[in-house]
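Since the structure comes first, as structure tokens, the remarks are kept for the end.
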Amino acid sequence: MSNNETEKEKKSFSLKYSTSFKKDLKVISNNAQKLQKTAEVLGMLQECGVEGIPRKMKPHKLIGQYKGALECHIEPDLLIIWEEYLDEREISLLRLGSHSELFKK
Numbered sequence: 004m005s006n007n008e009t010e011k012e013k014k015s016f017s018l019k020y021s022t023s024f025k026k027d028l029k030v031i032s033n034n035a036q037k038l039q040k041t042a043e044v045l046g047m048l049q050e051c052g053v054e055g056i057p058r059k060m061k062p063h064k065l066i067g068q069y070k071g072a073l074e075c076h077i078e079p080d081l082l083i084i085w086e087e088y089l090d091e092r093e094i095s096l097l098r099l100g101s102h103s104e105l106f107k108k
């Protein structure tokens, strides 16, 4: 293994899928475009965490029900919510869906 590969391996995150996230993923499974975009974002998260998410996707910390978690826009009304643990190099995927699905009042 080269130094470059070792360095990349250290930077990458493992992804953990919550039961809710798996259910949310199943809901969009019939939409190939949403699945593809979601897979791209998961790749970015796995590679670099929140640092890998482009600003145009509006990555930010949440308050309220998901306090401490992070969110970004895969599409204007398709969001992904996750928690990032830097010490463990782990990302816990919490939810995937629209604003109304994720932030019901």
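Numbering-wise, the sequence shown is residues 4 to 108 according to the working numbering. Beta carbons are placed, not taken as given, at the ideal position from N, Cα and C, and that holds for glycine. Source: prediction; values computed, not measured.
message: I need the DSSP call for K111, collapsed to helix, strand or coil.
response: This structure gives no information on residue 111, because the portion of the chain shown stretches from 4 to 108.
task: Evaluate I66 with the Cβ neighbour count: other Cβ atoms within 10 Å of its Cβ, from every protein chain shown; 16 or more gives buried, anything less gives exposed.
output: Numbered from 1 along the sequence shown, position 63 holds the residue referred to as residue 66. By the neighbour-count rule (16 or more Cβ atoms within 10 Å), I66 is not buried but exposed.
task: Mind checking who Y69 pairs with in its DSSP beta bridge?
output: Within the sequence shown, the letter at position 66 stands for residue 69. Partner(s): none; Y69 has no beta bridge.
query: Does DSSP classify I94 as helix, strand or coil?
result: Here residue 94 corresponds to residue number 91 of the sequence shown, with the count starting at 1. Looking at I94 - three-state DSSP - the assignment turns out to be strand.
message: Could you check whether I84 and F16 sit closer than 7 Å to each other, using their CB atoms as the reference points?
response: Counting from 1 along the sequence shown, the entry for residue 16 is found at position 13. Counting from 1 along the sequence shown, the entry for residue 84 is found at position 81. Contact flag unset, no.
query: Considering only C-alpha positions, which residue in the set P79, P62, L81 and D80 is nearest to L73?
result: Counting from one through the sequence shown, the residue named residue 73 turns up at place 70. For the residues P79, P62, L81 and D80, the minimum Cα distance to L73 belongs to P62.
task: Report the rounded CA-to-CA distance for C51 versus D80, giving the unit in angstroms.
output: For the purposes of this step, residue 51 is taken as residue 48 along the sequence shown, with counting starting at 1. For the purposes of this step, residue 80 is taken as residue 77 along the sequence shown, with counting starting at 1. Cα to Cα, the separation comes out at about 23 Å.
- request: Please report how far the alpha carbon of V30 lies from the alpha carbon of L38, in whole angstroms.
  value: One-based indexing of the sequence shown puts residue 30 at position 27. One-based indexing of the sequence shown puts residue 38 at position 35. About 10 Å.
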